[in-house]
């Protein structure tokens, strides 16, 4: 493997972890604003609660990375992720997600270039290791946005994800 290929693989892993940590940070900031009852509130019957989304994220990330890339048994029951209506408190849900991300970081950091290019059958899809990582990052980000939107609707409050950062700063050349 060339040094460029090695560098690219390391960048993929580093940025995957960075994006997952960013989504996790935003989920934590969002959930500071709601109580245990609000995390199980649904906007309507066609939509999911924050609690369901958190359970779903854990199921998806576990299936794709721990099972798909790390070879652990796939025990996911996807439909059950959406049938829960109450019971698990927000601190437990956050702890489950945070602990999972720690496990995932270890797996991602240990991936070889060959594992990033190998094709895996995950949830019925044929994806390279890189494709699995890309899916997990975009899926986590998508649902993080849903959580933030619902919290903003409930609380009419800016969640200040980028507090202290000048988002109007121009790019440097």
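In UniProt numbering, the protein residues as written are 1 to 173. Beta carbons: idealized from backbone N, C-alpha and C, even for Gly.
Restricting to Cα atoms, I'd like to know which of the options is closest to residue i.
i, options, result
"residue 119", "64, 46, 40", "64"
"residue 31", "59, 11, 95, 62", "95"
"residue 134", "55, 60, 5, 39", "60"
"residue 128", "109, 48, 56, 115", "115"
"residue 41", "78, 6, 73, 87", "87"
"residue 15", "103, 165, 109, 166", "109"
Within its chain, find whatever has a CB closer than 6 Å to the CB of residue i; leave out the 5 residues flanking it on each side and keep chain order.
i, result
"residue 174", "Nothing in the structure corresponds to residue 174, since the chain is present only between 1 and 173."
"residue 67", "74"
What whole-angstrom Cβ distance do residue i and residue j have, given they're in contact under 8 Å?
i, j, result
"residue 69", "residue 8", "About 18 Å; that fails the 8 Å criterion."
"residue 44", "residue 84", "Going by Cβ atoms, the distance from residue 44 to residue 84 rounds to 17 Å, so no, they are not a contact pair."
According to the Cβ coordinates, are residue i and residue j closer than 8 Å?
i, j, result
"residue 154", "residue 34", "yes"
"residue 25", "residue 137", "no"
"residue 56", "residue 92", "no"
"residue 161", "residue 75", "no"
"residue 12", "residue 105", "no"
What does a CB cutoff of less than 7 Å around residue i pick up in its chain, not counting 5 residues either side in sequence?
i, result
"residue 156", "none"
"residue 58", "96, 97, 100"
Next item on the list: Taking only runs that begin and end inside the segment 67 to 99, name each unbroken alpha helix (DSSP H) of 4 or more residues, in chain order.
Entry: 78 to 83
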